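Participant: Could you have a look at this structure, given as structure tokens, before my questions?
Number of protein chains: 2
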Amino acid sequence: MSNSYPLISVNGVIGQQISPLDRGFAYGDGLFETCRLTRGVIPLWALHKARLRAGCERLRIPLDEALLEHYLAALLSAAALAEGIFKVTVTRGVGGRGYGLPAEVFPTYCLALYDTAINLAHQQGVVLRVCQQRLARNASLAGIKHLNRLEQILARTEWQDTAIVDGLLMDKNGHFIESTSSNLFIVRKGQLLTPNLSRCGVAGIMRQLITDVLAPGAGITTEIGSVTLSDLQSADEVFICNAVNGIWPVVEIRSEANPMIFSQGNITAALQQALRAYFSGKVI
Amino acid sequence: MSNSYPLISVNGVIGQQISPLDRGFAYGDGLFETCRLTRGVIPLWALHKARLRAGCERLRIPLDEALLEHYLAALLSAAALAEGIFKVTVTRGVGGRGYGLPAEVFPTYCLALYDTAINLAHQQGVVLRVCQQRLARNASLAGIKHLNRLEQILARTEWQDTAIVDGLLMDKNGHFIESTSSNLFIVRKGQLLTPNLSRCGVAGIMRQLITDVLAPGAGITTEIGSVTLSDLQSADEVFICNAVNGIWPVVEIRSEANPMIFSQGNITAALQQALRAYFSGKVI
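As they're listed, the protein sequences go chains A and B.
Letter by letter, the first sequence follows residues 1 to 284 of the working numbering.
Letter by letter, the second sequence follows residues 285 to 568 of the working numbering.
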């Protein structure tokens with residue numbers, strides 16, 4: 001194949017553009033999923049689809065899953081890409097001026113395949129920083145992966161040092177919630193603690209896989225609660241995760257205070273191993 | 285002319301579409317202005333442009349004002365529309381995957397002309413409601429008219445009754461901030477009070493014209509502060525305003541409590557009259 005990437009289809013048509021009247025463009029009125037493609041399939045697609053469905057229900061966007069599956073199959077077939085990243089954006093489609101929902105909604109399905117390689121070096125450990133930017137709290141938008149991402153963009157402008165891989169975001173109360181593109185876990189006394197996302201943050205697919213499948217399978221329990229600076233400082237291990245990159249051990253967190261240094265630990269390594277086994281089992 | 289509206293140009297090309305890789309579509313990474321066009325000109329354009337400039341500075345989008353003016357002049361010339369609405373959307377342009385800013389940014393300028401008539405009936409008085417949806421507080425996004433508008437969209441889904449023209453939004457502390465598409469003023473003892481927008485809300489052009497020009501010109505002082513339910517309940521007059529619709533007296537606000545009823549008052553009428561005079565003076 002000699003495709004140029006990203007290979008993109010809009011409503012099933014490769015090369016199609018977006019209407020300037022699309023509410024995704026006008027208001028960020030939609031949702032997206034970023035998925036790992038490996039061995040030609042998306043092993044976590046069922047979980048991504050479930051989150052997308054939940055997001056569409058929250059925003060009242062009438063998702064047509066069969067149509068989405070059709071577009072996905074067609075794009076995968078056109079690309080014949082084995083390893084990479086799949087991104088789907090679903091918006092409320094074309095609308096008039098003003099925030100009121102269109103009388104009839106025809107969602108826009110924008111699917112993109114990237115031939116991006118996974119960063120294996122980061123699986124050995126990454127350096128993070130603590131961002132100044134805070135996440136605003138709004139339960140009606142928390143958890144879902146919507147298109148209103150200016151907080152993450154502003155946070156990402158705070159550093160240029162390429163040694164720093166990602167930035168941690170707190171809410172208004174100084175509780176750590178996530179990084180700009182991953183969820184956060186800390187390990188203490190052999191157990192996991194990950195932030196409560198009921199008021200802000202994105203409930204990640206890899207986070208879900210860890211709490212529901214990988215950690216229980218390894219005999220590790222997970223607590224969902226508040227994560228403060230002192231929780232971080234006293235953590236035995238820290239890692240971040242997302243559906244594309246998997247699990248990245250955190251070796252250092254830089255902030256205005258003294259940097260926090262973490263050793264790479266057994267629990268994180270065990271979860272990385274469980275994830276590799278899970279992926280191997282998923283795709284035969 | 286026999287244009288079909290909206291007449292839209294993207295980067296100066298009428299009929300052009302938006303790239304699926306535009307960061308406006310991907311993340312709501314941009315800003316917009318909605319302006320009243322009257323007698324073929326945009327009388328408040330200087331104020332709109334100043335807010336757009338401030339928003340672009342906040343988001344670090346390199347606005348090219350001369351280019352924008354060029355595109356605007358070309359679109360107005362192509363349309364030859366006398367009365368309507370002009371909307372401009374400026375985004376960070378095309379980018380790769382991820383929140384980090386592109387190495388080189390070429391903003392997208394999407395300009396649209398609508399032949400929408402102004403609703404004169406609403407200048408006699410409108411009915412509002414109080415929304416359940418709250419505005420999250422984030423000082424780094426407050427005031428500017430960015431493209432992350434899911435809160436307004438969710439608020440607007442709360443009612444279908446066409447007698448209700450707009451909904452009022454509170455912040456997390458129960459302070460009234462604005463309606464989904466307008467700013468809020470209350471009149472008490474001959475003076476104006478309008479919400480502080482330092483932590484959420486859009487700093488409207490008409491609000492600015494009122495506080496800086498129209499009210500002082502009529503000898504009316506304006507306080508910027510917190511507006512609570514009891515402030516609303518005890519108000520002598522209430523009005524909302526935006527750059528397109530001007531000033532709309534509020535005659536009723538419905539909520540879970542008893543509806544609040546307001547008489548149309550002299551101060552609101554004086555400001556409406558001052559606005560008409562201002563517009564007449566602006567366009568000869």
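Even glycine gets a Cβ: it sits at the ideal position worked out from N, Cα and C.
Remember, it's a predicted structure, so these values are computed and weren't measured experimentally.
Whole angstroms is fine: what's the gap from Leu-331 (chain B)'s alpha carbon to Val-213 (chain A)'s?
Facilitator: 55 Å
Participant: For Lys-473 (chain B), count neighbouring Cβ atoms within 10 angstroms of its own Cβ and tell me buried if that reaches 16, exposed if not.
Facilitator: So Lys-473 (chain B) ends up on the exposed side.
Participant: If you run the structure through DSSP and keep just helix, strand and coil, what is Cys-56 (chain A)?
Facilitator: DSSP, read as helix, strand or coil, puts Cys-56 (chain A) in helix.
Participant: Any idea what DSSP makes of Ile-284 (chain A), helix, strand or coil?
Facilitator: Its pLDDT being 42, under 50, Ile-284 (chain A) is placed unreliably in this model, and the coordinates cannot settle the point.
Participant: Is Glu-349 (chain B) helix, strand or coil by DSSP?
Facilitator: Look at Glu-349 (chain B) here: in three-state DSSP terms it is helix.
Participant: Using 10 angstroms around the beta-carbon of Gln-133 (chain A), count the other beta-carbons present and answer buried if the total reaches 16, otherwise exposed.
Facilitator: buried
Participant: From this set, B:Ser-539, B:Met-544, B:Ile-524, which residue's C-alpha is nearest Gln-408 (chain B)'s C-alpha?
Facilitator: B:Ile-524
Participant: Output yes if chain B places a C-beta closer than 8 Å to the C-beta of Ile-261 (chain A); else output no.
Facilitator: It does not: the Cβ of Ile-261 (chain A) has no partner Cβ on chain B nearer than 8 Å.
Participant: Would Ala-136 (chain A) count as contacting chain B if we go by Cβ distances under 8 Å?
Facilitator: yes
Participant: Would you tell me roughly how many angstroms separate the C-alpha atoms of Met-1 (chain A) and Ala-80 (chain A), rounded to the nearest one?
Facilitator: Because Met-1 (chain A) carries a pLDDT of 46, less than 50, the predicted location of this residue cannot be relied on, and the following value inherits that uncertainty. Cα to Cα, the separation comes out at about 7 Å.
Participant: Leaving out the 5 sequence neighbours to the left and right, which residues in its chain are closer than 7 Å to Phe-563 (chain B) when beta-carbon positions are compared?
Facilitator: Thr-322, Pro-327
Participant: Leu-453 (chain B) to Leu-347 (chain B), Cα distance in whole Å?
Facilitator: 30 Å
Participant: Taking Cβ-Cβ distances shorter than 7 Å, what residues in chain B pair up with Asn-148 (chain A)?
Facilitator: Gly-312, Asn-432, Leu-434
Participant: Any residues in the stretch 84 to 106 of chain A with a beta carbon nearer than 9 Å to a beta carbon of chain B? Which ones, in chain order?
Facilitator: Within the stretch 84 to 106 of chain A, the residues whose Cβ lies closer than 9 Å to some Cβ of chain B are Ile-85, Lys-87, Thr-89, Thr-91, Arg-92, Gly-96, Arg-97, Gly-98, Tyr-99, Gly-100, Leu-101, listed in chain order.
Participant: Using DSSP's beta-bridge definition, name the partner residues of Met-170 (chain A).
Facilitator: Answer by DSSP bridge pairing, in chain order: A:Arg-134, A:Phe-176.
Participant: Spatial neighbours of Arg-491 (chain B) within its chain, please: C-beta separation below 7 Å, excluding the five flanking residues on both sides.
Facilitator: Asn-467, Thr-478, Cys-525
Participant: What's the C-alpha gap between His-430 (chain B) and Gly-339 (chain B)?
Facilitator: 7 Å
Participant: Is DSSP giving Asp-313 (chain B) helix, strand or coil here?
Facilitator: coil
Participant: Does the Cβ-Cβ distance between Ile-18 (chain A) and Leu-7 (chain A) come in under 8 Å?
Facilitator: no
Participant: Tell me, please, whether the stretch 380 to 400 of chain B touches the stretch 420 to 440 of chain B by the rule of three or more beta-carbon pairs shorter than 8 Å.
Facilitator: no
Participant: Count the other CB atoms, across all protein chains shown, that sit within 10 Å of the CB of Gln-152 (chain A); report buried if there are 16 or more and exposed otherwise.
Facilitator: buried
Participant: For Arg-307 (chain B), collect the residues of the same chain with a Cβ closer than 6 Å to its Cβ; drop the 5 residues on either side in sequence, then sort them by chain order.
Facilitator: Asp-313, Thr-375, Arg-376, Gly-379
Participant: Near Asn-196 (chain A), which residues of its chain fall below 7 Å by C-beta distance, leaving aside the five closest residues on each side in sequence?
Facilitator: Ile-224, Gly-225, Ser-226
Participant: At which residues does the beta strand (DSSP E) containing Leu-476 (chain B) begin and terminate?
Facilitator: Judged by DSSP secondary structure, Leu-476 (chain B) falls within the beta strand (DSSP E) whose first and last residues are 475 to 479.
Participant: Does the beta-carbon of Asn-287 (chain B) have 16 or more other beta-carbons within 10 angstroms, so that it is buried, or is it exposed?
Facilitator: exposed
Participant: Given this structure, state the Cα-to-Cα distance separating Ala-50 (chain A) from Leu-120 (chain A), to the nearest angstrom.
Facilitator: 28 Å
Participant: Would Ser-234 (chain A) be called buried (16 or more neighbouring beta carbons within 10 Å of its own) or exposed?
Facilitator: Burial call: exposed.
Participant: Are Pro-107 (chain A) and Ile-144 (chain A) close, meaning C-beta to C-beta below 8 Å?
Facilitator: no
Participant: Find out if the Cβ-Cβ distance for the pair Ile-261 (chain A), Val-130 (chain A) is shorter than 8 Å.
Facilitator: no
Participant: Do you know how far the Cα of Cys-200 (chain A) is from the Cα of Trp-443 (chain B)?
Facilitator: Looking at the two C-alpha atoms, the distance is approximately 25 Å.
Participant: Could you tell me which of B:Val-534, B:Ser-424, B:Lys-371, B:Ile-448 sits nearest to Arg-342 (chain B), measuring between CA atoms?
Facilitator: B:Ser-424
Participant: Between B:Asp-515, B:Ser-361, B:Val-522, B:Val-372, which has its C-alpha nearest Trp-329 (chain B)'s C-alpha?
Facilitator: Cα-wise, what sits closest to Trp-329 (chain B) is B:Val-372.
Participant: With a threshold of 8 Å between beta-carbons, can Tyr-109 (chain A) be considered close to chain E, or not?
Facilitator: Judged by its chain identifiers, the structure shown contains no chain E, and its protein chains are A and B.
Participant: Pick out whichever of A:Leu-67, A:Val-244, A:Ser-198 has its Cα sitting closest to the Cα of Arg-381 (chain B).
Facilitator: A:Val-244
Participant: Does the beta carbon of Arg-254 (chain A) come closer than 8 Å to any beta carbon on chain B?
Facilitator: no
Participant: If you drop the 5 nearest sequence neighbours on each side, which residues of the same chain put their C-beta closer than 6 Å to that of Leu-438 (chain B)?
Facilitator: Gln-417
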